[in-house]
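Residue numbers (the UniProt record's numbering): 1 to 258. Before any comments, here is the structure.
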């Protein structure tokens with residue numbers, strides 16, 4: 001494959017696709033389409049089946065469960081390290097959750113039937129995807145524990161860090177309403193947590209944006225779930241991790257992982 005890791009539209013920006021050997025990549029490449037995903041777009045909803053699977057490069061997709069009280073709650077998120085459409089090859093194909101674009105950006109799209117066909121051939125693609133499914137299941141399980149045991153402030157810190165890991169900018173485009181939907185809590189709780197973090201000089205919030213000013217400080221305030229999820233993905237999928245975020249003064253710079 002051509003080396004174009006600096007290009008946000010490059011195939012190298014998705015860790016799963018980039019990790020494929022040349023022969024398996026060649027089988028997928030003619031059928032991949034690059035699309036731009038807008039914030040709020042539903043890629044699937046509860047009870048639906050996927051017509052396509054998605055391999056984000058710069059987009060971030062939230063996997064949401066719907067609660068009985070009408071609130072949503074994010075149980076996993078997918079960025080350049082993963083794919084959306086696990087149910088195509090895991091289970092009967094009908095989704096129990098909602099996949100919604102949280103951060104606008106690019107993604108590669110592949111017909112679900114073609115993906116399933118290549119998966120069932122075995123080979124490294126199947127091995128890689130099974131490892132990814134295991135990592136996703138660990139993320140969902142950890143999210144369930146986190147939602148029950150940790151404060152809104154701790155969960156917000158972890159959510160901001162996981163989001164920042166997938167972005168190429170210190171700015172996170174989001175609103176307090178969106179964060180409340182992701183965490184499955186009332187907006188008032190998010191407002192209070194944001195104020196605490198702002199007063200501590202860890203973040204700066206303004207309409208539609210949050211800037212991370214002190215990442216190490218934010219990591220100290222986050223619950224352990226952030227580190228657990230990150231380490232599990234790194235353990236299972238060392239070749240598909242997103243670029244590493246490093247601190248440089250008060251700004252964040254992205255350093256390619258390879």
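Built from N, CA and C at the ideal position, the CB exists for glycine as well.
{"Asked": "Decide if the stretch 18 to 34 is in contact with the stretch 99 to 115; the criterion is three or more beta carbon pairs, one per stretch, under 8 Å apart.", "Found": "yes"}
{"Asked": "So what's residue 189 in DSSP terms, helix, strand or just coil?", "Found": "helix"}
{"Asked": "Apart from the five residues just before and just after residue 223, which ones in its own chain have a Cβ nearer than 7 Å to its Cβ?", "Found": "146, 150, 154, 155 and 158"}
{"Asked": "Please go through the stretch 36 to 112 and give each complete beta strand (DSSP E) segment of 3 or more residues, from N-terminal end onward.", "Found": "42 to 44, 52 to 56, 60 to 66, 72 to 78, 98 to 103 and 105 to 111"}
{"Asked": "Where do the N-terminal and C-terminal ends of the alpha helix (DSSP H) with residue 206 fall, by residue?", "Found": "It is not in any alpha helix (DSSP H) - residue 206 instead sits in the beta strand (DSSP E) that spans 203 to 206."}
{"Asked": "Sort 24, 19, 77 and 42 by Cα distance to residue 141 and report the nearest one.", "Found": "77"}
{"Asked": "Is the beta carbon of residue 35 sitting closer than 8 Å to the one on residue 84?", "Found": "no"}
{"Asked": "Would you say the stretch 84 to 96 touches the stretch 39 to 56, given that touching needs at least three Cβ pairs under 8 Å?", "Found": "yes"}
{"Asked": "Work out the CA separation of residue 61 and residue 185 for me, nearest whole Å.", "Found": "19 Å"}
{"Asked": "When you compare the CB positions of residue 208 and residue 175, do they come within less than 8 Å of one another, or not?", "Found": "yes"}
{"Asked": "Buried or exposed, going by whether 16 or more other CB atoms sit within 10 Å of the CB of residue 102?", "Found": "buried"}
{"Asked": "Reducing DSSP to helix, strand and coil, say where residue 20 ends up.", "Found": "coil"}
{"Asked": "Drop a sphere of 10 angstroms on the beta-carbon of residue 108, count the other beta-carbons inside from all chains shown, and report buried for 16 or more, exposed for fewer.", "Found": "buried"}
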